[in-house]
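Residue numbers (the working numbering), protein chains in the order written: chain A, 881 to 1092; chain B, 881 to 1092.
This report concerns only the one structure given below.
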DNA sequence: TTGATTACATACCGATTGGTATGTAAGGTT
DNA sequence: AACCTTACATACCAATCGGTATGTAATCAA
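What follows is the structure in structure tokens.
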């Protein structure tokens, strides 16, 4: 019998395994959740072996943390790069941010779901590390609107309303809208959540729709 | 060797197994999520054997459907029994409902999470049956406020605002608030979500706080 | 050039998974 | 009393789970 010819068989280039695993995790976790996504699933989707997985991550939980942290960085970079920050008026920046969030809802449902929201829903009691990562991610979401809300409130104070608590409502609308969209199989309720949040802001800051 | 004496060993009374399994599922799924809760976990928590489980449920997925449907019925009965429905003014009924929702947040975190929201987050793409059950549950939540919102809007129309879309915001605030509470390990953001929703309604319907 | 380190692949493991096959005792029907 | 059905319990199963042990090829510092 001849010696087996070692077929490299479409190997993932050296150095890319970790990034591929996280990307695979993002896709699979968004569609099946964290617990239902197995390490073997991830390796198959990423095109690497289990050896690669446990070389880069000490455990499945560690991958979960890395996934959420990567998500935080990804979304942070995306929003930072967007021109909604360019507007002069702080409330206009906030409203433009809402436009951007609504535009994201044009994608297929799994692609506008939130990795942090999905994972923390399952793991908040069973994995302190993943919960903490999700908290960082959610808080980083506050920061996309918090400075603008602070400026808007400085120019137009509203009794009983803080910028922090208003910033939270953007995440509430986002996460709540996603759950309703998942349940109804339709992005419409997610869009409506942003619409109502915009109407609320316009009422708070005395900025009716027609007064652009 | 003597014949083994069959010890009945604290058996669950005949006829209770199904209800106990669903109660165990409610507790475990709220804490660990659906996928991470195994059939063995459920049987152990309910104090029954696997034979009992698969006698009552054709599969784990079937239990998931039964769990969510039971949840819908449970919460429906709870809100129907509550005296918030008694107020004369429709908006007062809606505001009293919000008071009730805030009161529920006094419980430990896992006990005010939503079974439908948790399960649909994980299963919306992998189990059509559970997703459909979750949709029924979410929609039944609309109904707790929808008739009152319709009356309130009939008496005080708001251009561009429908009762259906407003009713959805109660679920958005609920589900979004729960996710933030899980991530931060604190019920405060869930409470804030209801506070902002109340302020929004008061603005929409011209009903300031002091005018009780 | 050598030696160490990094980045994987291969092969394997015990435990757990959802599910099944079969037995049995209780309760209702005739 | 005989029989059937319901409601479980017991015992088992193949597949999959997260994780480990070990081997090897590429990279890099000296």
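C-beta: ideal position from N, C-alpha, C; glycine also.
Where residue 1090/B falls: helix, strand or coil (DSSP): coil
Residues within the region 901-928 of chain B neighbouring chain A, beta-carbon criterion of under 7 Å: 911, 912, 913, 915, 916
Reduced DSSP category for residue 1074/B - H, G, I as helix; E, B as strand; rest coil: Three-state DSSP puts residue 1074/B in a helix.
Minimum Cβ-Cβ distance from residue 1026/A to chain B less than 7 Å: no
Local conformation of residue 1057/A per DSSP, three classes: helix
Near-chain A residues of the region 1027-1052 of chain B (beta-carbon distance less than 7 Å), N- to C-terminal order: 1045, 1048, 1049, 1051, 1052
Where the alpha helix (DSSP H) through residue 923/B begins and ends: Residue range 919-926 is occupied by the alpha helix (DSSP H) that includes residue 923/B.
Minimum C-alpha distance to residue 919/B - residue among 1060/B, 1040/B, 929/B: 929/B
Boundaries of the alpha helix (DSSP H) in which residue 937/A is found, first to last residue: Segment: none, residue 937/A is in no alpha helix (DSSP H) and carries neither H nor E.
Expected contact under 8 Å - CB spacing of residue 933/B and residue 901/B to nearest Å: 6 Å
Nearest-angstrom beta carbon gap, residue 1026/A and residue 1047/A [assumed within contact, 8 Å]: 4 Å
Test: residue 1076/A CB closer than 7 Å to a CB of chain B: yes
Host alpha helix (DSSP H) of residue 964/B (start-end): Per DSSP, residue 964/B belongs to no alpha helix (DSSP H) and is neither H nor E.
Close beta carbons around residue 956/A, own chain, < 6 Å, minus the five adjacent residues each side: 1020
Distance CB(residue 948/A)-CB(residue 996/A) smaller than 7 Å: In this structure, residue 996/A lies closer than 7 Å to residue 948/A by Cβ.
Reference residue 926/B, options 1058/B, 913/B, 906/B, closest by Cα: 906/B
Through-space distance from residue 909/B to residue 990/B, alpha-carbon basis: 10 Å
Residue-chain proximity (residue 1094/B, chain A), Cβ-Cβ < 7 Å: This structure cannot settle anything about residue 1094/B, because the visible part of chain B is limited to 881 through 1092.
Buried versus exposed call for residue 1042/B [16 or more other C-beta atoms within 10 Å across all chains shown]: exposed
Where residue 987/A falls, given that 16 or more other Cβ within 10 Å makes a residue buried: exposed
Within chain A, the residues that residue 1015/B reaches when beta carbons sit closer than 8 Å: Contact note: residue 1015/B reaches chain A through 1063, 1064, 1065, using a C-beta cutoff of 8 Å and chain order.
Chain B within 7 Å of residue 997/A, Cβ atoms only: yes
Status (buried if at least 16 other CB within 10 Å, exposed otherwise) for residue 1036/A: exposed
Residue 1044/A and residue 978/A closer than 7 Å at C-beta: no
Residues near residue 1058/B in its chain [Cβ-Cβ closer than 8 Å; skip 5 each side]: The beta carbon of residue 1058/B is closer than 8 Å to those of 992, 993, 994, 997, 1070 in its chain, skipping five residues each way along the sequence.
Reduced DSSP secondary structure (H/G/I, E/B, other) of residue 1093/B: Nothing can be reported for residue 1093/B, as the shown portion of chain B is limited to 881 through 1092.
Contact list for residue 1006/B against chain A, beta-carbon separation under 9 Å: Counting only Cβ-Cβ distances below 9 Å, residue 1006/B has contacts in chain A at 911, 912, 913, 916, in chain order.
Neighbour flag for residue 987/B against chain A, beta carbons, 7 Å: By this cut-off, residue 987/B is not an interface position.
CA nearest to the CA of residue 1034/A, picked from 971/A, 982/A, 1017/A: It is 971/A.
Test: residue 946/A CB closer than 7 Å to a CB of chain B: no
Between the CA atoms of residue 960/B and residue 967/B - distance to the nearest angstrom: 13 Å
Residue-chain proximity (residue 1000/B, chain A), Cβ-Cβ < 7 Å: yes
9 Å Cβ cut-off: residues of chain B touching residue 1080/A: 1076, 1077, 1079, 1080, 1083, 1084
Short CB-CB distance (under 7 Å) between residue 978/A and chain B: no
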